[in-house]
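**Student:** If you count by my numbering, then the sequence shown holds residues 20 to 195, one letter each, in order. Take a look at this one; I'll ask things after.
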Amino acid sequence: LSDWTASGVETLDLTRVNSNLKGFAGGFTDGNHAYLVPLANHGYHGNVVRISLSDWTASGVESVDLTTVNSGLKGFTDGFTSGSYAYFSPYHDGSSGHHGRVVRVSTSDFTTSGVEYLDLATVSSDLKGYRGAFTDGSYAYFVPWARGYNYHGKAVLVSLSDWTASGVEILNLATV
């Protein structure tokens, strides 16, 4: 970042690694890797990309297709890392609409076997459609957005040490 001019720009065309690696909603880093949040590419997708920050070339690119674990694991809008996981905020899956499937991927086992998910809609059927996420190191916080055309105010926090439905808490901001 010391050369903040056009000559300091490097590009990496992910579609040369895999033609499906496009259409992301943002990214984040764990200090060693950049993670790209899968959203849509002519339809919602679940291709999580991880790029080595020390090897910004095609050989430094890895990807995991979340839909091979569950066909509904696609369409996310934000993410973060905490501990040894990368987390992704649920948004829309393109078929059943807004969803509540929060995904975490092991940063040490960046394969489909390192993928876990927690469906917030199993706690309450209206916990779907989030547009952001952040952590304080102990909890994951999900920023409410919409279910269909109805915006909602149900913020969710999930205990990172109790990755189950019992670790979920809800704050309905609309009642405040």
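From the three backbone atoms N, C-alpha and C, an ideal C-beta is built for every residue, glycine too.
Leaving out five residues on either side along the sequence, give the residues of the same chain with a beta carbon under 8 Å from the beta carbon of Thr86.
**Tutor:** Contacts found: His64, Gly65, Leu92, Lys93.
**Student:** Could you name the residues of the same chain whose beta carbon sits closer than 7 Å to that of Thr141, not counting the 5 residues immediately before and after it, in chain order?
**Tutor:** The residues are Ala184.
**Student:** What do you reckon, are the CB atoms on Thr16 and Tyr149 nearer than 9 Å?
**Tutor:** Nothing about residue 16 can be read from this structure; the chain reaches only from 20 to 195.
**Student:** Can you tell me which of Ser144, Val122, Gly98, Thr154 puts its alpha carbon nearest to the alpha carbon of Leu137?
**Tutor:** Nearest C-alpha to Leu137: Val122.
**Student:** Buried or exposed: which applies to Leu40, given that a residue is buried once 16 or more other Cβ atoms fall within 10 Å of its Cβ?
**Tutor:** Answer is buried; the Cβ neighbour count reaches 16.
**Student:** Start and end of the beta strand (DSSP E) containing Gly46?
**Tutor:** Gly46 -> beta strand (DSSP E) spans 43 to 48.
**Student:** From Gly46 to Val56, what does the alpha carbon distance come to, in whole angstroms?
**Tutor:** So the alpha carbons of these two residues sit roughly 6 Å apart.
**Student:** By Cβ distance, which residues of its chain are closer than 7 Å to Asp84, with the 5 residues on each side in sequence left out?
**Tutor:** Correct list, in chain order: Gly65, Asn66.
**Student:** Got a sec, what are the start and stop residues for the beta strand (DSSP E) His52 sits in?
**Tutor:** Unbroken beta strand (DSSP E) run through His52: 52 to 57.
**Student:** Have a look at Ser71 and Val195 and give me their C-alpha separation to the nearest angstrom.
**Tutor:** Near 43 Å, if we compare the C-alpha coordinates of Val195 and Ser71.
**Student:** Alpha carbon to alpha carbon, how far is Phe153 from Glu29? Give it in angstroms, no decimals.
**Tutor:** Going from the Cα of Glu29 to the Cα of Phe153 covers about 28 Å.
**Student:** Is Ser125 near Val134, with beta carbons less than 9 Å apart?
**Tutor:** It is a contact, given that the beta carbons lie within the stated cut-off.
**Student:** Can you tell me whether Leu146 is helix, strand or coil according to DSSP?
**Tutor:** Here Leu146 sits in coil by DSSP.
**Student:** Using the beta-carbon count (16 or more within 10 Å), is Arg166 buried or exposed?
**Tutor:** With 16 or more other Cβ atoms within 10 Å, it is buried.
**Student:** With distances taken from CA atoms, which of Tyr104, Glu188, Gly172 is nearest Leu139?
**Tutor:** Considering only alpha carbons, the answer is Glu188.
**Student:** From the DSSP output, in three-state form, read off Ser103 for me.
**Tutor:** In the structure shown, Ser103 sits in coil (DSSP, three-state: anything other than H, G, I, E or B).
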